[in-house]
Structure formats: C-alpha cells, structure tokens
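Numbering (our numbering), first residue to last: 2 to 219. Even for Gly, the Cβ is constructed at its ideal location relative to N, Cα and C.
Structure representation (structure tokens):
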C-alpha cells in the first residue's frame with residue numbers, strides 16, 4: 002500500500018463529503034482510513050521497520066481530518082480525547098523531521114479547537130464555573146497554546162508555505178490576547194519546561210484532562 006497516496010485520497014474524499022454537508026459520511030471515510038493507517042503504523046513500529054514514521058505522519062494527516070469531522074458533528078469531547086491520543090502517539094516517532102513537526106502542529110490546532118468548544122459546552126469559560134475546574138481548564142488551554150506556538154515557529158522556519166500555518170496563526174492570536182501562551186518555557190510544578198517538549202508537558206495536561214472527565218481515567 003502506498004501509505005501517503007492512501008492518506009491523501011482519503012482526505013480528499015473526506016473534504017468532498019464535508020463540502021457537500023454529509024458529515025456522517027466524512028466521519029465514516031476518515032474514521033476507516035485512520036483505523037487502517039493506525040494498524041499499519043502499529044505493524045511497522047512493532048517490527049522495527051524504518052517506514053513507521055511515514056505511516057505515523059500519514060496517519061496523523063487523515064486523523065486530523067477525522068477530528069475536524071467529529072467537531073463539525075458536535076462530538077468535541079471525542080475529538081479532544083482522540084487529539085490527545087494522537088499527540089501522545091506522535092512522541093513515539095523514531096526521528097524528528099519537518100514532516101513530523103507539521104503533523105504535530107496540525108494535531109495541536111485540532112486539539113485546541115476541540116478543547117475550546119468543549120470548554121464552552123461544559124461551562125468552563127463561564128463566570129460561575131467551579132474554581133478547580135476553571136484552574137484545570139486554564140492550564141490545559143495554556144499548555145496546548147504554548148506547544149502550538151512552539152511548533153508554529155518550528156514549522157514556519159522549516160516549511161514556511163505550510164497551509165496549516167494560517168489556521169495556527171488565527172488560533173494563536175486569540176490565545177495571546179488571553180495571555181495563554183507561555184514561551185520559551187512553560188511553568189509546570191515549579192519547573193520550567195521547554196514549550197515544545199511534548200513528552201514533558203503531556204503528563205500534567207492528561208492528568209488535568211482526566212480530572213475534568215475529558216479523558217477516561219485508567
């Protein structure tokens with residue numbers, strides 16, 4: 002299977018379904034393709050195959066289309082949970098690359114959009130929100146926004162013509178107005194963590210997400 006072409010073709014079919022207003026079909030197409038590429042990545046990764054990173058970025062590409070379709074269907078909680086999983090999985094890449102960074106930027110855009118929508122739906126942005134819930138949500142938004150800014154800079158340097166940059170810039174403008182972006186470091190548990198260090202940031206982000214019920218506690 003030509004992994005890259007399969008991902009592109011599936012994304013085109015998903016986009017066509019979204020453009021026609023058939024969100025259910027878009028979810029089906031992108032969901033099936035995401036599952037197929039996830040299985041292929043798992044097989045290659047477990048076998049130590051050098052092509053596993055290509056499968057990872059191709060899978061991220063179509064999975065972000067799936068997140069978009071879920072969000073349009075109003076399934077923002079599901080989109081957030083899946084986006085968090087994709088972000089974690091992206092840290093399992095064997096090597097850093099411009100393509101990987103671009104896919105991580107795409108994931109972060111989708112994850113932030115889903116988080117903001119979920120926060121509105123659950124009342125975390127309301128003046129009457131529970132103080133502990135508001136604190137968790139504010140940290141989650143700040144963590145994602147800060148990583149988004151770090152990868153926006155990285156992709157801007159390595160792939161200045163990337164189509165994802167425009168969406169990222171629009172989101173970052175909103176987050177900077179709220180003071181949510183921490184760069185070059187994020188303060189977590191009295192430690193300064195580089196804003197682009199996904200592995201180091203994820204544990205607290207996931208923990209706060211579980212505390213809010215956005216992710217299932219294992």
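Cα-Cα separation between residue i and residue j, rounded to whole angstroms
i	j	result
residue 173	residue 140	16 Å
residue 93	residue 134	30 Å
residue 4	residue 40	12 Å
residue 198	residue 14	34 Å
residue 44	residue 55	13 Å
residue 125	residue 181	15 Å
residue 201	residue 194	7 Å
residue 47	residue 106	25 Å
residue 6	residue 26	20 Å
Reference residue i, options the options, closest by Cα
i	options	result
residue 120	106, 37, 136, 97	136
residue 178	146, 209, 165, 162	146
residue 164	100, 6, 51	100
residue 116	89, 144, 132	144
residue 210	191, 170, 200, 138	138
residue 70	129, 50, 33	33
residue 51	96, 128, 194	96
residue 212	118, 6, 131	131
residue 175	191, 142, 161	142
Close-in-space but distant-in-sequence residues of the same chain around residue i (CB under 6 Å, 5 per side omitted)
i	result
residue 205	189
residue 57	42, 94
Nearest-angstrom Cβ-Cβ length linking residue i and residue j, presumed shorter than 8 Å
i	j	result
residue 1	residue 62	No answer is possible for residue 1: it lies beyond the span of the chain, which begins at 2 and ends at 219.
residue 292	residue 104	Limits of the chain in this structure are 2 at one end and 219 at the other, which puts residue 292 out of reach.
residue 37	residue 67	Not really, about 12 Å apart at Cβ, beyond 8 Å.
residue 78	residue 215	7 Å
residue 19	residue 73	7 Å
residue 207	residue 76	At roughly 20 Å, the Cβ-Cβ gap does not stay under 8 Å, so residue 207 and residue 76 are not in contact.
residue 169	residue 110	5 Å
residue 28	residue 11	Going by Cβ atoms, the distance from residue 28 to residue 11 rounds to 12 Å, so no, they are not a contact pair.
Contacts around residue i, its chain only, beta-carbon distance under 7 Å, and the 5 residues preceding and following it disregarded
i	result
residue 196	147, 148, 150, 151, 183, 184, 185, 186, 187
residue 87	61, 64, 108
residue 102	152, 155, 156, 159
residue 89	203
residue 192	none
residue 122	77
Proximal residues to residue i (C-beta, below 8 Å), its chain only, five neighbours per side dropped
i	result
residue 24	18, 70, 73, 74
residue 83	64, 67, 68, 71
Scan the stretch 32–97 and note each continuous alpha helix (DSSP H) run of 4 residues or more that stays entirely inside, going in chain order.
53–73, 77–91
Could you pull out every unbroken alpha helix (DSSP H) segment of at least 4 residues lying fully inside the stretch 120–193, listed in chain order?
132–159, 165–178
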